[in-house]
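Note sheet for the following structure.
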Ligand SMILES: Nc1nc2c(ncn2[C@@H]2O[C@H](COP(=O)(O)OP(=O)(O)OP(=O)(O)O)[C@@H](O)[C@H]2O)c(=O)[nH]1
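Residue numbers (the UniProt record's numbering): 1 to 430.
Here it is, written out as structure tokens:
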């Protein structure tokens with residue numbers, strides 16, 4: 001078996017490392033809330049390990065935060081291959097190293113107020129898909145209007161739970177954790193998928209991080225993807241809204257964190273308006289798939305079972321919807337995508353230092369990243385993805401003999417300097 005070991009050598013200035021299949025569950029560091037990371041320079045949090053837990057059905061690589069003193073640490077992106085690689089075959093059909101993840105998938109449906117989240121949810125719940133879905137609805141206020149709308153229309157939901165006393169991304173995050181834990185404890189065998197509808201004003205980041213930071217959630221539930229509804233008629237005014245310093249523009253954030261974007265209400269705008277909106281969305285997020293719809297009518301496999309956070313082979317989804325040069329030209333409150341595509345192989349040590357330093361200095365601003373790398377001396381493609389300072393990486397399938405070794409990375413975040421990122425990355429090439 002080929003394997004990579006990922007170790008966080010905290011004391012010894014090593015940081016970013018990648019593990020694969022540790023025979024024991026690893027819990028050397030306490031899991032912590034990640035999104036509220038202090039800006040203080042005394043400590044930072046990071047990274048990831050992989051484990052094959054014997055105590056749960058989950059057998060998966062885990063993104064994991066670490067604490068380490070900044071003053072004595074540098075981060076390193078270390079991949080050490082103890083390889084007794086599988087017999088090389090010229091076919092690409094080499095077994096994936098990442099074990100299947102059998103945890104219950106959860107989908108976050110987000111989008112600004114009135115964009116069509118409940119309409120999509122009803123579409124999901126009333127469609128024929130054979131899945132048993134548990135729904136968690138988050139609404140402001142005491143009256144669960146959306147909840148009754150959904151409940152009235154559907155026989156498809158196993159369970160609809162309401163979170164009415166605040167917004168998931170802030171005050172009721174603890175409730176979300178409790179709710180998911182309860183759902184799993186009481187009804188694990190009664191549903192196959194959890195769908196969470198956020199309020200229209202939610203920032204998805206803390207909700208995403210809940211799935212990694214909370215052990216009670218992480219062990220049974222995995223984040224499948226973030227689906228963002230965009231109101232084709234009204235979204236520009238929300239995207240344009242200038243917020244006070246330090247306050248996020250939720251409409252922009254919801255697009256930035258999406259794995260799937262649904263440009264909804266296309267019946268209310270012209271073709272050219274849709275075209276320019278799509279361009280604007282692409283500038284914010286060049287990673288997400290995008291579809292145009294009326295009344296949220298999409299195929300269900302577009303929104304469920306998408307593996308947006310998976311590194312597993314056949315699920316790792318890495319399409320670029322931007323041209324292949326580093327650029328960043330979004331006008332939306334400093335949030336944009338930068339894509340880097342270039343041939344060659346990376347010096348691991350340099351890449352490690354570059355990426356580690358970048359995350360150390362800029363992880364607050366780097367919302368999402370995904371990459372597929374060609375590393376010198378490694379026969380497999382190395383894939384990774386991250387959300388702020390959470391980072392998860394693993395070797396994937398073998399490079400095919402006739403396949404150009406092309407590196408691809410996309411960053412989505414705030415105030416990204418495309419030229420600087422490209423320069424830094426290219427300096428790691430041999
Ligand atoms: N014309 C038009 N109306 C739509 C479309 N999709 C949804 N609507 C309507 O838009 C309104 C808002 O839709 P919802 O699904 O409730 O939107 P939401 O995002 O859940 O709204 P909040 O929960 O308030 O954030 C409803 O009256 C829907 O019927 C569409 O594609 N075209």
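All C-beta atoms in this analysis are idealised placements derived from N, C-alpha and C, irrespective of residue type, glycine included.
Residue from the options with nearest C-alpha to residue i
| i | options | result |
| --- | --- | --- |
| residue 278 | 268, 340, 261, 119 | 261 |
| residue 231 | 211, 254, 223 | 254 |
| residue 130 | 263, 176, 174, 304 | 304 |
| residue 411 | 370, 120, 352 | 370 |
| residue 217 | 179, 250, 247, 380 | 179 |
| residue 433 | 409, 125, 250 | With the chain running from 1 to 430 in the structure shown, residue 433 is simply not present. |
| residue 391 | 309, 381, 379 | 309 |
| residue 251 | 223, 285, 271, 266 | 285 |
| residue 401 | 393, 385, 381, 395 | 381 |
| residue 200 | 223, 366, 249 | 249 |
| residue 263 | 188, 256, 209, 281 | 281 |
| residue 379 | 403, 215, 177 | 403 |
| residue 210 | 188, 366, 187, 177 | 177 |
| residue 122 | 364, 234, 296, 188 | 296 |
CB of residue i within 8 Å of CB of residue j, strictly
| i | j | result |
| --- | --- | --- |
| residue 446 | residue 115 | Because the chain here runs from 1 to 430, residue 446 falls outside it and cannot be looked at. |
| residue 424 | residue 335 | no |
| residue 430 | residue 407 | no |
| residue 345 | residue 405 | yes |
| residue 110 | residue 206 | no |
| residue 108 | residue 221 | no |
| residue 226 | residue 175 | no |
| residue 196 | residue 124 | no |
| residue 311 | residue 396 | yes |
| residue 368 | residue 239 | no |
| residue 516 | residue 190 | Residue 516 lies beyond the residue range present for the chain, which begins at 1 and ends at 430; the question has no answer from this structure. |
Where residue i falls, given that 16 or more other Cβ within 10 Å makes a residue buried
| i | result |
| --- | --- |
| residue 294 | exposed |
| residue 427 | exposed |
| residue 194 | buried |
| residue 436 | Because the chain spans 1 through 430 in this model, residue 436 falls outside it and cannot be assessed. |
| residue 77 | Caution applies to residue 77, whose pLDDT of 33 falls short of 50 and renders its modelled position unreliable; the value that the coordinates give is listed next. It counts as buried. |
| residue 134 | buried |
| residue 185 | exposed |
| residue 224 | buried |
| residue 272 | exposed |
| residue 246 | exposed |
| residue 117 | buried |
| residue 265 | buried |
Alpha-carbon spacing of residue i relative to residue j, whole angstroms
| i | j | result |
| --- | --- | --- |
| residue 243 | residue 112 | 15 Å |
| residue 192 | residue 358 | 38 Å |
| residue 388 | residue 399 | 28 Å |
| residue 300 | residue 420 | 39 Å |
| residue 433 | residue 183 | Past the boundaries of the shown model lies residue 433; the chain is included only from 1 to 430, so the question cannot be answered. |
| residue 198 | residue 139 | 7 Å |
| residue 343 | residue 375 | 11 Å |
| residue 275 | residue 283 | 13 Å |
| residue 337 | residue 416 | 8 Å |
| residue 418 | residue 347 | 21 Å |
| residue 422 | residue 119 | 41 Å |
| residue 213 | residue 377 | 33 Å |
| residue 219 | residue 270 | 46 Å |
| residue 181 | residue 127 | 27 Å |
| residue 394 | residue 386 | 12 Å |
| residue 306 | residue 257 | 14 Å |
| residue 106 | residue 355 | 29 Å |
| residue 365 | residue 202 | 18 Å |
| residue 235 | residue 298 | 20 Å |
| residue 233 | residue 208 | 27 Å |
| residue 188 | residue 362 | 39 Å |
| residue 302 | residue 352 | 34 Å |
| residue 292 | residue 215 | 36 Å |
| residue 145 | residue 349 | With a pLDDT of only 48 at residue 145, under 50, the local geometry of the prediction cannot be trusted, and the value read off the model is given with reservation. Near 54 Å, if we compare the C-alpha coordinates of residue 349 and residue 145. |
| residue 384 | residue 360 | 17 Å |
Distance cut-off 7 Å: residue i Cβ against heavy atoms of ligand 2
| i | result |
| --- | --- |
| residue 377 | Absence of ligand 2 is noted for the structure shown, with ligand 1 being the only ligands found. |
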